[in-house]
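Residue numbers (this note's numbering): 232 to 328.
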């Protein structure tokens with residue numbers, strides 16, 4: 232619950248949120264991921280940019296994400312969908328759920 236409150240605060244604070252991104256790590260086979268893409272993405276409205284990363288094949292991952300994952304900056308994924316507040320300035324993970 233504390234993580235969710237922190238994430239909501241980060242997304243609702245435009246002056247702080249400008250340096251942050253919301254990473255949505257998904258796959259094409261996950262039913263929750265599909266629901267997220269169909270129902271939530273079209274209605275997403277925040278100063279925090281939403282970056283969708285589909286890890287289904289691993290072929291089209293952004294280079295910065297692949298480098299951060301291999302370097303241990305983005306921790307191992309345990310399940311999908313995974314949502315990460317990413318600090319673009321300091322290149323680090325702030326919180327995930």
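Just so it is clear, CB atoms sit at the ideal spot from N, CA and C, and this is done for glycine as well.
Distance between residue 253 and residue 295, taken at the CA atoms: about 15 Å. Counting C-beta pairs closer than 8 Å gives three or more between the segment 313–326 and the segment 253–271, which meets the contact rule.
For residue 299, the enclosing alpha helix (DSSP H) begins and ends at 294–301. Counting along the chain, residue 326 sits inside the beta strand (DSSP E) bounded by residues 323–327.
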